Each structure stands twice: as C-alpha cells, then as structure tokens.
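As given, the protein sequences belong to chains A and B, one line each in that order.
For the first sequence, the working numbering assigns the number 50 to the initial residue and increments by one for each residue that follows.
For the second sequence, the working numbering assigns the number 268 to the initial residue and increments by one for each residue that follows.
From the three backbone atoms N, C-alpha and C, an ideal C-beta is built for every residue, glycine too.
Here the structure is a predicted model, which means the values were calculated and not measured.
Inspection log for the structure reproduced underneath, given as structure tokens.
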Amino acid sequence: MSSQNRPLSPHLDVYKLPLTGIISISHRMTGVGLSVGTLLLAWWLIAAATGAESYTTVNGFLGSWFGKILLFLWSFAFFFHLCNGIRHLFWDAGKGFDKADVEKTAKAVLIASVVLTLLTWVIALAGGAS
Amino acid sequence: MSMNTPLSKARGLGSAKEGAHHWKAQRLTAIALVPLSIWFISGIICLAGKPHADLVAWVQNPWSASLLILLLFSLFYHMALGLQVVIEDYVQATGMKITLLLITQFGSILLGLASIVSVLLIATGD
Chain A
50 MSSQNRPLSP
60 HLDVYKLPLT
70 GIISISHRMT
80 GVGLSVGTLL
90 LAWWLIAAAT
100 GAESYTTVNG
110 FLGSWFGKIL
120 LFLWSFAFFF
130 HLCNGIRHLF
140 WDAGKGFDKA
150 DVEKTAKAVL
160 IASVVLTLLT
170 WVIALAGGAS
Chain B
268 MSMNTPLSKA
278 RGLGSAKEGA
288 HHWKAQRLTA
298 IALVPLSIWF
308 ISGIICLAGK
318 PHADLVAWVQ
328 NPWSASLLIL
338 LLFSLFYHMA
348 LGLQVVIEDY
358 VQATGMKITL
368 LLITQFGSIL
378 LGLASIVSVL
388 LIATGD
C-alpha cells in the first residue's frame, strides 16, 4: 500500500459526524453533565437532612426560572443517557450491531428521550409542582 | 499481515494494568440504575411543591430509605467510573490527568457519602 492510500481517522473539523456518532459523543457529554448535576442532588439531600428551612431554600432555588431550566436540561440529559445506556447494554449482550439496527435505535433513543422528558414535565406540572 | 496467533502477539506485552472489573462494575451499576433512577424520578415528581414533612415521611419508609441508599451508591460509583474513563481518554498531560482523576474520584466518594449520610439522618430523625 502506498503511503498516500493509507486509511485516515476522520478529521473532526472537516468530517460531518453521522447521527450515530453525534449520539455516541452525546452519551459521554450527558454523562459529564449529569455528574455536575449530582452536586444539586447532594445539595438537596443535605439541605433536607439539615431541616425544613434549608430544604425550603433549596426548593425555592429549584422552583425559580433558573432552577427550572437546570432541571429541564438535567431531565433531558438523564432520559437520553438512560435510553442510550440501555442501547449500550444491548450491544454488550451482542445484540443490535447491524448498521440498519444501529441507525434505527439511534433515532429511537432521540425520540424516546424527548417524549419521556416532556411527559415527565407534563405530569410534574399537572401534579402541583410550580 | 502477521501470522502470529493472538496469544503470541499478547505474550510479553505485560499487564494491561486493569482487568475486566472496571467494565463489569460500570455495567452492573448501569443495570441497577435503570429501575432505581426511574423509581427516584417518580418519587421526586410526587414530592415537587410539597413541604419538608412529606419528604421526611417518604424517606422514613424503610423501603424508600433502602432504595435511596442503593440508588446513591450505584449512581456515585457509576459516575466515578464514567468520569475516570472520560478523563483517561481525553486528557493527555500526565499531571493534569492525575489531578483531575483525584478530584473527580475523591469528589464522587465525598458527594456520595454525604448524600447517603443525609438519607440516614432523615430516616433515623424524629
């Protein structure tokens, strides 16, 4: 093989990632995002253990418009990572590796995570969260 | 193309530094987190907008407290493993890599422990 014909890894600045590639890196990005989100979770639990007053303070922050945006992004990241994580577990079991399957499940992950996020917020807001 | 068998290629290269434990632990915690996290999200949706007493009543149920502790253990373990892989893959400089690994691994343990202790305090409080 001449040196010109050697296979190259994709140059990420000129290479358009396919949907499967975008989903793949998004799994890591949502994982890192959710890790940052655990700061909120720990803060919420610690405040709850401290007492009613600090619990109310944290809930006040989470209920503010900024808190709600954080929670909305967090919930989408959560459902995306959950759905794509299940897809990864099927791969670990050796299932769903065909190109057609991989593309089909990539779209399914996207649709499922959007639907689950919206459904969660409809239920939460209808159930009296303000 | 090499005519060597896979075994002879690997022989003499030394330890891979890490066995299957990391991989397996990440999958096991992932499997545990599927039902646990869905249960937790349903729980906090019910608690949204409710006073502190409702949360305390929820956590003081022995099943809730146990599931919460299992959730927090799996979650922070899964997080520590995941962050470790991301840092090892993308951070090249050794000093920076070790610093970030120390911060994220110690941080995960501290946050996880503080969360679990909080659940225990609520569960055993009056």
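Where residue i falls: helix, strand or coil (DSSP)
i	result
TYR64 (chain A)	coil
ASN328 (chain B)	coil
PRO318 (chain B)	coil
GLN53 (chain A)	helix
GLY374 (chain B)	helix
LEU360 (chain B)	According to the sequence shown, residue 360 (chain B) is Ala rather than Leu. ALA360 (chain B): coil per DSSP, three-state reduction.
GLY281 (chain B)	coil
ILE383 (chain B)	helix
MET78 (chain A)	helix
SER309 (chain B)	helix
PHE125 (chain A)	helix
PRO302 (chain B)	helix
ASN271 (chain B)	coil
GLY143 (chain A)	coil
SER58 (chain A)	coil
ALA157 (chain A)	helix
C-beta atoms of residue i and residue j nearer than 8 Å
i	j	result
PHE343 (chain B)	LEU387 (chain B)	no
THR87 (chain A)	SER124 (chain A)	no
ILE311 (chain B)	ILE383 (chain B)	no
VAL353 (chain B)	ARG77 (chain A)	yes
ALA381 (chain B)	ALA97 (chain A)	no
GLN327 (chain B)	ALA287 (chain B)	no
PHE129 (chain A)	THR79 (chain A)	yes
ILE72 (chain A)	VAL158 (chain A)	yes
LEU322 (chain B)	TYR104 (chain A)	yes
THR296 (chain B)	HIS345 (chain B)	yes
TRP325 (chain B)	LEU338 (chain B)	no
HIS289 (chain B)	ALA101 (chain A)	no
Proximity to residue i [Cα-Cα], best of the options
i	options	result
GLY316 (chain B)	A:ASN108, A:TRP92, A:THR99	A:ASN108
LEU334 (chain B)	B:ALA299, B:ALA347, B:VAL353	B:ALA299
LEU368 (chain B)	B:LEU295, B:SER309, B:GLY349, B:LEU338	B:GLY349
GLY112 (chain A)	A:TRP93, A:PHE125, A:PHE128	A:TRP93
LEU122 (chain A)	A:ALA97, A:LEU167, A:ARG55	A:LEU167
ILE370 (chain B)	B:SER382, B:GLN351, B:ALA297	B:GLN351
PHE307 (chain B)	A:VAL171, A:ARG55, A:PHE127	A:PHE127
ARG294 (chain B)	A:ALA142, A:SER75, A:LEU83, A:THR105	A:ALA142
GLY374 (chain B)	B:ALA297, B:THR391, B:ALA347, B:ASN328	B:ALA347
ALA161 (chain A)	A:TYR64, A:ALA98, A:GLY134	A:GLY134
SER304 (chain B)	B:THR361, B:ARG278, B:PRO273, B:SER341	B:SER341
LEU120 (chain A)	A:VAL85, A:ALA149, A:LEU61, A:LYS153	A:VAL85
GLY176 (chain A)	B:MET363, B:TRP290, B:GLN359, B:SER309	B:SER309
LYS117 (chain A)	A:LEU174, A:LEU57, A:ASN54, A:ARG55	A:LEU174
For this session: Select from the segment 127-151 of chain A all residues with a C-beta closer than 8 Å to any C-beta belonging to chain B, and list them in chain order.
Result: Of all residues in the segment 127-151 of chain A, the ones placed with a Cβ closer than 8 Å to any Cβ belonging to chain B are PHE127, LEU131, GLY134, ILE135, HIS137, LEU138, ASP141, in chain order.
Problem set entry | Contact list for the segment 67-88 of chain A against chain B, Cβ threshold 8 Å | Near chain B, meaning a CB-to-CB distance below 8 Å, the residues of the segment 67-88 of chain A are ARG77, GLY80, VAL81, LEU83, SER84, THR87, LEU88.
For this session: Report the residues of the segment 154-170 of chain A with a CB closer than 8 Å to any CB of chain B, ordered along the chain.
Result: Taking 8 Å as the Cβ-Cβ cut-off against chain B, the residues of the segment 154-170 of chain A that qualify are THR169.
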